[in-house]
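*Asks:*
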Amino acid sequence: MAVCMENQMTQYLRNLPRIDDVRDNTLLDPYRARYSADLIARAAREVVEEERSCILSLEGDSYTPKNEEYFARKTIEKLEALIKPSLMSCINAAGVVIHTNMGRAVLSERASQAVYEIARSYSNLELDLQSGKRGLRHSHVEGILTELTGAEAAVVVNNNAAAVMLVLSELAQNKEAIISRGELIEIGGSFRIPEIMRLSNATMVEVGTTNKTHLFDYERAITENTSLFLKVHPSNFRILGFTETPDARELMHLAHEHNIVVYEDLGSGVLVNLEAYGLPHERTVNEALSEGVDVVSFSGDKLLGATQAGIIVGKKAIIDRIKKNQLLRALRPDKLTLAALETTLLEYRNEARAISEIPTLRLLTKSYEELKQQAQVFVDELKASLSEKSLDIYEIGSEPDSSRAGGGSMPAIDIPTELVIISSKLNNEVDLKNSLLHDFDIPIITRIHKDKLALDLRTLLHEEERTYLLNSLKEVLKA
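Position one of the sequence shown corresponds to residue 55 (the working numbering), numbered consecutively onward.
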C-alpha cells in the first residue's frame, strides 16, 4: 500500500505542467501587455511550486489533479497579487484615534488636496518667487509655526525622533545633558532616550529618582561641561501618586543662571487647550515656550493632526545653529510633507475650524452623547437588515466603554464612547473579526471586548466608511 501511494504521488508530481506551458497559456494573452514575461514566468513558477508542496503534504489519495486552466487562472490571481500595493486604506473601528499601526493622524480634506496638487506638478519648494533665486524649503512653514506658537524661529525634519537627535547633536555633542530618571523613556520601535543620547555623542547625566526629581538634583549635577537640561514628555505612560518634578520656571531660572539651554521634547505637541473640549489637559507648545523653554520639539502626526514630521521651535539663535548642522540635510522633509504640514497649520488660525476640519481633533472631541446616538442608530439599521435566522444567532447591541487617543498622546486617558457589540451563539466572534479584516476590499479593523466583537464608531471618518462597515457586517452576519 505504501509503495502504491508513493507511486501515485510520483505520478501527480510528474503530471505538473511545465512553467513555460503555464506562461504561454492563451488565458494569459490579455495580460501580456500589462505584465512583463519575467513577471508572468515568476507567477507561474510560484503557482506550480505551491501545487508541488500541496501534493507532498497530502496523505493517501486525497489530492485532486488540476487541469491547465486551473494553473493559468491561479497564475492570473498571483499576477494581480504581485502588483497590488501592500499599503492600502483601512477602516478604523477600533477606537484608537492616533493609531500608530494604521498611520497615525489622518489628513484633513484640504491638506490631502494640497499634497495631491504639489505631487502632480512642479513647485516652489526651494525657489524664492520674489527674487527668482534659490530659496529655503523651511520658509514655507516657519512663519506660520512662529505665529501659532510664539517662538522666534522654527525648523522641520522628517519625524520627532530625528528632531531629538538633531537638537542633541547640535547642543550637547561631547557635552553633558542632564535628565531626570523619571523621563528616561522608551517609546514604540525601541526608541530609547539613552540610546539617542549615545548616538548624538552627548554625555547623559541622570538625576533624581523614577518618581521624584527636585530642583537641587539638577543644581548638584551641573559642571563646567553641562550644556543642556533635557525634559521629555512621558509619551505612553504616566507616573502617579508620590511624585514630584521641579517647577518649570524655577528650572529655567537655574539653567539660564549657568548659561545652560533647556530643551523640552513634548512628543505629541498640541496647539489648542483640549480642556475646553472636555478632554484632560495636555501641555501645549505655547505653554512650554511661555515658561522660558529655549527649544521645543514635537511630532506633526499626533495631536497636531498633520503628517509625519519633527517640528523644532524656539529661540532664533538656537534654531539658527540647528539649521546649520550637517545632519539637517539628511533629516529634512520632502515637498509632500511640507504641503500637508503647512495646510494643516493654516487651519489653526481659526481654532473652531481646526477642531471641525482636522480629523484628529474632530474625532477626539466628539461627545459621548453623539456617539451613543450614532451607535443606537447603527444597531437599529443593522438589525433591520438581517433575517430572523441571523438575529437568532447573533445578539446585537451597544454598551459604554472607552476610546483612546493613541500614538503616545494623552497616555492612560480613557475617552468615553459607546461600542456596537455583536455576540454569537456560534462563539465565532474572532472569525467575524478576521472576516472583516481579510474578506473585503477595504480591511476593517475592530477589536474583541469581553469576548464579543466590538466596533467603536468614534474613529469612522465619514458617511462612506459607516455605510461600508454596515454593508460588510450584513454580509458576514448573513445566515
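Here a beta-carbon is modelled for each residue, glycine too, at the ideal position from N, C-alpha and C.
(1) Based on Cα-Cα distance, which residue from Val349, Glu329, Met156 and Leu305 lies nearest to Tyr317?
(2) Would you kindly work out how many angstroms separate the C-alpha atoms of Met55 and Met63, rounded to a whole number?
(3) Rounded to the nearest angstrom, what separates Asp505 and Leu486 at their Cα positions?
(4) Tell me whether Ser463 is buried or exposed, calling it buried when 16 or more other Cβ atoms sit within 10 Å of its Cβ.
(5) Would you kindly check if the distance between the Cβ of Ser234 and the Cβ of Gly262 is under 8 Å?
(6) Can you grab the Cα-Cα spacing for the pair Asp434 / Leu440, in whole Å?
(7) Any idea which residues DSSP pairs Ser457 with across the strands?
(8) For Glu336 and Val324, I'd like the C-alpha separation in whole angstroms.
(9) Applying the 10 Å Cβ sphere with the 16-neighbour rule, what's the burial state of Ala91?
(10) Whole angstroms are fine: how far does the CA of Leu141 sit from the CA of Glu104?
(11) If you draw a straight line from the C-alpha of Ala286 to the C-alpha of Arg246, how long is it?
(12) If you reduce the DSSP assignment to three classes, tell me which class Met55 lands in.
(13) Within the segment 288 to 353, note down every full alpha helix (DSSP H) run reaching 4 residues or more, in order along the chain.
(14) If we ignore side chains and look at the alpha-carbon of each, how far apart do Asp510 and Lys377 end up?
(15) Using DSSP with H/G/I as helix, E/B as strand and the rest coil, what is Val160?
(16) Can you give me the Cβ contacts of Ala215 inside the same chain, cut-off strictly under 8 Å, excluding the 5 residues immediately before and after it?
(17) Given a threshold of 16 other Cβ atoms within 10 Å of its Cβ, counted over all protein chains shown, does Ser254 qualify as buried or as exposed?
(18) Rank Pro334, Val367, Leu523 and Val484 by C-alpha distance to the C-alpha of Glu196 and give the top, closest one.
(19) With DSSP run on the structure shown, which of helix, strand or coil describes Tyr448?
(20) With DSSP as the reference, label Phe494 as helix, strand or coil.
(21) Do the segment 179 to 188 and the segment 327 to 347 make contact, defined as three or more Cβ pairs closer than 8 Å?
(22) Verify whether the separation of the beta carbon atoms of Arg403 and Ile409 is less than 8 Å.
(23) If I follow the unbroken alpha helix (DSSP H) through His503, where does it start and stop?
(24) For Leu343, verify whether its CB is less than 7 Å away from any heavy atom of the ligand SAM.
(25) Count the CB pairs spanning the segment 71 to 85 and the segment 124 to 141 that are closer than 8 Å, and state whether there are at least three.
(26) If you run the structure through DSSP and keep just helix, strand and coil, what is Ile198?
(27) Quick one, which of Ser281, Ile412 and Ser111 has its alpha-carbon nearest Ala231's?
(28) Between which two residues does the alpha helix (DSSP H) holding Lys528 run?
(29) Thinking just about the alpha-carbon of each residue, which of Leu395, Asn482, Glu345 and Thr297 is nearest to the one in Gly204?
(30) Is the distance from the Cβ of Arg106 to the Cβ of Leu136 below 8 Å?
(31) Less than 8 Å between the beta carbons of Ala275 and Thr513, yes or no?
*Replies:* Per the coordinate set shown:
(1) Tyr317 has its Cα closest to that of Val349, out of Val349, Glu329, Met156 and Leu305.
(2) Low local confidence applies: a pLDDT of 48 at Met55 is under 50, so the model's placement there is unreliable, with the coordinate-based value given in what follows. The alpha-carbon atoms of Met55 and Met63 are separated by roughly 12 Å.
(3) Their backbone Cα atoms lie some 12 Å apart in a straight line.
(4) Residue environment for Ser463: buried (at least 16 other C-beta atoms within 10 angstroms of its C-beta).
(5) Yes, these two residues count as a Cβ contact at 8 Å.
(6) Inter-residue distance for Asp434 and Leu440 is about 10 Å (C-alpha atoms, whole angstroms).
(7) Note: Ser457 sits in a beta bridge opposite Ile469.
(8) Each residue's alpha carbon lies about 7 Å from the other.
(9) Flag for Ala91 reads exposed.
(10) A direct Cα-to-Cα measurement between Glu104 and Leu141 gives close to 25 Å.
(11) In the sequence under discussion, the amino acid at residue 286 is Val, which differs from the Ala named in the question. If you take the alpha carbons of Val286 and Arg246, they lie about 11 Å apart.
(12) The predicted model places Met55 with a pLDDT of 48, which falls under 50 and marks its position as unreliable; any figure quoted below should be read in that light. Of the three classes helix, strand and coil, the one that applies to Met55 here is coil, per DSSP.
(13) Scanning the segment 288 to 353 for uninterrupted alpha helix (DSSP H) segments of 4 residues or longer gives 302 to 311 and 339 to 344, listed from N- to C-terminal end.
(14) Roughly 43 Å between the two C-alpha positions.
(15) Correct three-state label for Val160: coil.
(16) If the five residues before and after Ala215 are omitted, its C-beta is found closer than 8 Å to the C-beta atoms of Phe245, Ile250 and Gly364, all from its own chain and listed in chain order.
(17) By the 10 Å Cβ count, Ser254 comes out buried.
(18) Of Pro334, Val367, Leu523 and Val484, the residue nearest in Cα terms is Val367.
(19) In the structure shown, Tyr448 adopts extended strand secondary structure according to DSSP, grouped into three states.
(20) It is coil, neither helix nor strand.
(21) Cβ pair count under 8 Å is below three, so no.
(22) No, they are not a contact pair.
(23) Looking at the DSSP string, His503 is not in any alpha helix (DSSP H); the run it does join, the beta strand (DSSP E), is Arg501 to His503.
(24) Annotation note on the ligand SAM: not contained in the displayed structure, which lists no ligands.
(25) Yes, the segment 71 to 85 touches the segment 124 to 141.
(26) If DSSP states are grouped into helix, strand and coil, Ile198 belongs with the helices.
(27) In terms of CA proximity to Ala231, Ser281 leads the group Ser281, Ile412 and Ser111.
(28) In the DSSP annotation of this structure, the continuous segment of the alpha helix (DSSP H) that includes Lys528 starts and ends at Glu517 to Val530.
(29) It is Glu345 whose Cα lies nearest to the Cα of Gly204.
(30) Taking 8 Å as the Cβ cut-off, Arg106 and Leu136 do not qualify as a contacting pair.
(31) Here Ala275 is not near Thr513, since their CB atoms are 8 Å or more apart.
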